[in-house]
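Numbering (the working numbering) for the sequence shown: 1 to 77.
Comments concern the structure below.
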Amino acid sequence: MTSKLERKWWFALPVAALAAILTLHFVNSAGIEHPYNFSQWVLYFLCFTGLQRGLSFVGWLLVLILSPQSKALERTK
């Protein structure tokens, strides 16, 4: 399940690119240079998915912290 922010191309593209770069780095550090069999592809996929979700959460928190106050909060005054 993705948020509205995660559907924006300007958010999803850098998160996916950074997750792909980090996945290649982590998997190469583990000694797997090229995926030759199904289990290595599964490791790539799980590493990428975990990193993408984690980076997306951190990015969402940054946007939440750095964004101006919500209009909904201003109406409650």
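Glycine included, each C-beta is placed from N, C-alpha and C at the ideal position.
Looking at the structure shown, is Ala12 part of a helix, part of a strand, or coil, going by DSSP? helix
### Message
Given this structure, state the Cα-to-Cα distance separating Tyr10 from Ala20, to the nearest angstrom.
### Response
What sits at residue 10 in the sequence shown is Trp, not Tyr. Taking the straight line from one Cα to the other gives about 16 Å.
Considering Leu62, what are the terminal residues of the alpha helix (DSSP H) in which it resides? 38-66
Practice problem: Under 8 Å by Cβ, that's how I've got Leu66 and Leu18 pegged, so tell me the actual separation to the nearest angstrom. | Solution: About 18 Å separates the two Cβ atoms, so there is no contact after all.
Checklist entry - Using the rule of at least 16 other Cβ atoms within 10 Å of the residue's Cβ for burial, across every protein chain shown, is Thr2 buried or exposed? => result exposed
Helix, strand or coil at Thr2 [DSSP, three-state]: coil
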